[in-house]
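K.L.:
The structure follows.
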Amino acid sequence: MTAPVEIVTHDGEVVIHPPMQFFAGDTWEIVALCTNADGSPMDLTGAFVEWKLNDQTGQATKFLTVTTVPTSGGSAISIDVPTSGDQPPTGACVITVKPQESNFAAGFYMDQLRVTTPAGVQSTQFQGRIEVVQRLK
């Protein structure tokens, strides 16, 4: 299941994505469009991107970074970086949690995506609620 993160914000508001729902044990894909303060697509070339998923008590249950090297097809963050200088940055990245790593207990979780650019600019792009649903038996 792929969940595109569509966010509408106004100056001074906390960036919260709409609630998402995933099945435990499925592949989760969250497409994030990272933007600068002026709304333009962020250049993610060389950026450090981190995504965190916490349970209801605030305990970290999953932590991925753009530097995560997937082993045996494991979870990771991939960034859409333009292949030539002629293409503008897209600001797109995809958070992928593989089935063997998404088998969380049913319930509500909070996620957050943060970008640190090579220039040292830190920007929390979004946070929000994710519901994990168990499969029917």
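Sequence positions in the sequence shown follow the numbering used here and run 5 to 141. By construction, the Cβ of each residue, glycine as well, lies at the ideal position given by its N, Cα and C atoms.
Does the separation of the CB atoms of Ala51 and Val119 fall below 8 Å?
P.N.:
In the sequence shown, counting from the first residue as 1, residue 51 sits at position 47. In the sequence shown, counting from the first residue as 1, residue 119 sits at position 115. Taking 8 Å as the Cβ cut-off, Ala51 and Val119 qualify as a contacting pair.
K.L.:
What residue range does the beta strand (DSSP E) around Leu117 cover?
P.N.:
Sequence index remark: in the sequence shown, residue 117 carries index 113 (1-based). Element bounds for Leu117: 111-120.
K.L.:
With DSSP as the reference, label Val73 as helix, strand or coil.
P.N.:
Here residue 73 refers to the residue found at position 69 when the sequence shown is read from its first residue. A caution first: Val73 carries a pLDDT of 48, below 50, which makes its placement in the model unreliable, though a value can still be read off. Three-state result, Val73: coil.
K.L.:
From the DSSP output, in three-state form, read off Pro23 for me.
P.N.:
Position 19 of the sequence shown, counting from 1, holds the residue named residue 23. In the structure shown, Pro23 sits in coil (DSSP, three-state: anything other than H, G, I, E or B).
K.L.:
Taking Lys66 as the reference, give the member of Pro92, Ala36, Gln116, Ser82 with the closest Cα.
P.N.:
By one-based count along the sequence shown, residue 66 stands at place 62. Of the candidates Pro92, Ala36, Gln116, Ser82, the one whose C-alpha sits nearest the C-alpha of Lys66 is Gln116.
K.L.:
What residue range is occupied by the uninterrupted beta strand (DSSP E) comprising Phe130?
P.N.:
Taking the first residue of the sequence shown as 1, we reach residue 130 at position 126. Unbroken beta strand (DSSP E) run through Phe130: 126-137.
K.L.:
Would Thr4 pass as a contact of Val19 if the rule is Cβ separation under 8 Å?
P.N.:
The requested residue 4 does not occur in the structure, where the chain is confined to residues 5 to 141.
K.L.:
Does the beta-carbon of Gly95 have 16 or more other beta-carbons within 10 angstroms, so that it is buried, or is it exposed?
P.N.:
Here residue 95 is taken as the residue at index 91 of the sequence shown, counted from 1. Burial call: buried.
K.L.:
Got a sec? Which residues, its chain only, sit under 8 Å from Tyr113 by beta carbon, not counting five neighbours each side?
P.N.:
Sequence index remark: in the sequence shown, residue 113 carries index 109 (1-based). Excluding sequence neighbours, Tyr113 sits near Leu57, Asn58, Asp59, Gln60, Thr65, Arg133, Ile134, Glu135, Val136.
K.L.:
Which residue marks the beginning of the beta strand (DSSP E) containing Leu37, and which one marks its end?
P.N.:
Here residue 37 corresponds to residue number 33 of the sequence shown, with the count starting at 1. Run containing Leu37: 32-37, per the beta strand (DSSP E) assignment.
K.L.:
For Pro45, write down the residues that DSSP places opposite it in a beta bridge.
P.N.:
Residue numbering aside, residue 45 sits at position 41 when the sequence shown is read from its first letter. DSSP output for Pro45 lists Thr39 as bridge partner(s).
K.L.:
Going by the DSSP bridge assignment, what does Leu68 pair with across the sheet?
P.N.:
The sequence position of residue 68 within the sequence shown is 64, counting from 1. In the DSSP output, where bridge partners are listed per residue, Leu68 has Trp55.
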